[in-house]
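**Q**
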Amino acid sequence: MRVLLVAPPGAGKGTQATRISARYAIPHISSGDVLRSHIERGTAIGREVQRFVAKGDLVPDEIVISTLAEPVLEAAESGGYVLDGFPRNAHQARMAYDLAEPLGIEVQHVVALEVPRDELLRRLRTRAQVEGRVDDTDEVIEHRLELDEAGSADLLAYYDERGILSRVDGTGAPDAVSERLWAVLDAIAERAGARQP
Ligand code: AP5
Ligand code: MG
-11 MRVLLVAPPG AGKGTQATRI SARYAIPHIS SGDVLRSHIE RGTAIGREVQ RFVAKGDLVP
49 DEIVISTLAE PVLEAAESGG YVLDGFPRNA HQARMAYDLA EPLGIEVQHV VALEVPRDEL
109 LRRLRTRAQV EGRVDDTDEV IEHRLELDEA GSADLLAYYD ERGILSRVDG TGAPDAVSER
169 LWAVLDAIAE RAGARQP
């Protein structure tokens, strides 16, 4: 099964993608985690993307796509993936489709997690105290939320037109959100022939 989680910063992409990965036995690929790993390891890509990530700016599309191509391809060959944080705008989505479709590894379903802005802020501020991510300062959080608002409508419209989008309420406890996800994804997994929970 090949699925994508689209949601604003703090909505629970990472939290829920980890659970999706476990339930359907598919690798979880988070674009943010991949980029942060490059930064931590001090790779050439890491040095290139560091300033974008620290400021909460989007890393240029070409860099993100070239960085993710290999892990996504590998995951698809091993039975699928749950992607979190990529594509982030309609341009990335079209580029990804053009690369993936000829290989038969394009995304099969997209879940948009919906969480109100005040709850996103609450979650990110709480996480800032625990994890200390460089982009979890109030100023950078605000910028990330603005960029998400600017790019997500076109992205969701693109998947809606393809008929593969589900919108899921991302509020409440993580377990409650997961239950809503299973209500959508169990059927998708069955159709995709993925391992059943
Ligand atoms: P990325 O790492 O993707 O960050 P993000 O989109 O801002 O999202 P977060 O990771 O902050 O939130 P999340 O939705 O994963 O929520 P989480 O589960 O952690 O991207 C970082 C940067 O990398 C970007 O700013 C950009 O620079 C670059 N980048 C990445 N992808 C890119 C792309 N495609 N193109 C260009 N640039 C790109 O939850 C948040 C907190 O809430 C946690 O503490 C969690 O424990 C808690 N929580 C989760 N669920 C609940 C719940 N139900 N109730 C209460 N608390 C909850
Ligand atoms: Mg995340």
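Under the working numbering, the first residue of the sequence shown carries the number -11, and numbering increases by one thereafter.
Each residue gets a CB set at the ideal place from its N, CA and C atoms; glycine is no exception.
#1: Does the distance between the C-beta of P(-3) and the nearest non-hydrogen atom of the ligand AP5 fall short of 7 angstroms?
#2: DSSP three-state label for D45, please.
#3: From the DSSP output, in three-state form, read off D126 for me.
#4: Around the Cβ of V118, are there at least 16 other Cβ atoms within 10 angstroms (buried) or fewer (exposed)?
#5: Provide the residue span of the beta strand (DSSP E) that contains I17, from first to last.
#6: Just the Cα atoms here: how many angstroms apart are Y104 and E50?
#7: Sorted by chain position, which residues of the same chain lie with C-beta nearer than 7 angstroms to D157's C-beta, five sequence neighbours on each side aside?
#8: Might you give, ordered along the chain, the residues of its own chain that have their beta carbon closer than 6 angstroms to the beta carbon of F40, omitting 5 neighbours on each side?
#9: Tell me the start and end of each unbroken alpha helix (DSSP H) in the stretch 60 to 125 that is at least 4 residues and wholly inside, in chain order.
#10: Give me the Cα-Cα distance between A13 and I53, rounded to the nearest whole angstrom.
#11: Where in the stretch 123 to 176 do unbroken runs of the alpha helix (DSSP H), each at least 4 residues long, occur, reported from the N-terminal end onward?
#12: In whole angstroms, give me the CA-to-CA distance for A78 and A(-5).
#13: If L23 and V95 are in contact, beta carbons under 8 angstroms, what's the gap, nearest whole angstrom?
#14: For G44, which residues from the same chain have a beta carbon less than 8 angstroms from its beta carbon, with the 5 sequence-adjacent residues on both sides left out?
#15: Quick check on the burial criterion: 16 or more other C-beta atoms within 10 angstroms. Buried or exposed for L108?
#16: What separation, rounded to the nearest whole angstrom, lies between the Cα atoms of I27 and A42?
#17: Can you tell me where the alpha helix (DSSP H) holding T190 begins and where it ends?
**A** Based on what the coordinates show:
#1: Correct: P(-3) has its Cβ closer than 7 angstroms to the ligand AP5.
#2: Looking at D45 - three-state DSSP - the assignment turns out to be coil, as it is neither helix nor strand.
#3: Three-state result, D126: helix.
#4: Exposed, by the Cβ-count rule.
#5: For I17, the enclosing beta strand (DSSP E) starts and ends at H16 to S18.
#6: A quick correction: the sequence has Pro, not Tyr, at residue 104. Rounded to whole angstroms, P104 to E50 spans 31 angstroms at the Cα level.
#7: Closer than 7 angstroms at the Cβ level, and outside the excluded window around D157, lie E102 and R168.
#8: In the same chain as F40, and ignoring 5 residues on each side of it, the C-beta atoms closer than 6 angstroms to its own belong to V47, in chain order.
#9: Here the runs fully enclosed are 78 to 88 and 105 to 119.
#10: One C-alpha to the other measures close to 24 angstroms.
#11: Taking 4 residues as the minimum length, the alpha helix (DSSP H) runs contained wholly in the stretch 123 to 176 are 126 to 149, in order along the chain.
#12: Answer to the nearest angstrom: the Cα atoms are 14 angstroms apart.
#13: Contact flag wrong, Cβ pair sits at about 20 angstroms.
#14: These residues qualify, in order along the chain: D123, V128, I129, H131, R132 and L135.
#15: The residue is buried, with at least 16 neighbouring Cβ atoms inside 10 Å.
#16: Each residue's alpha carbon lies about 10 angstroms from the other.
#17: Nothing about residue 190 can be read from this structure; the chain reaches only from -11 to 185.
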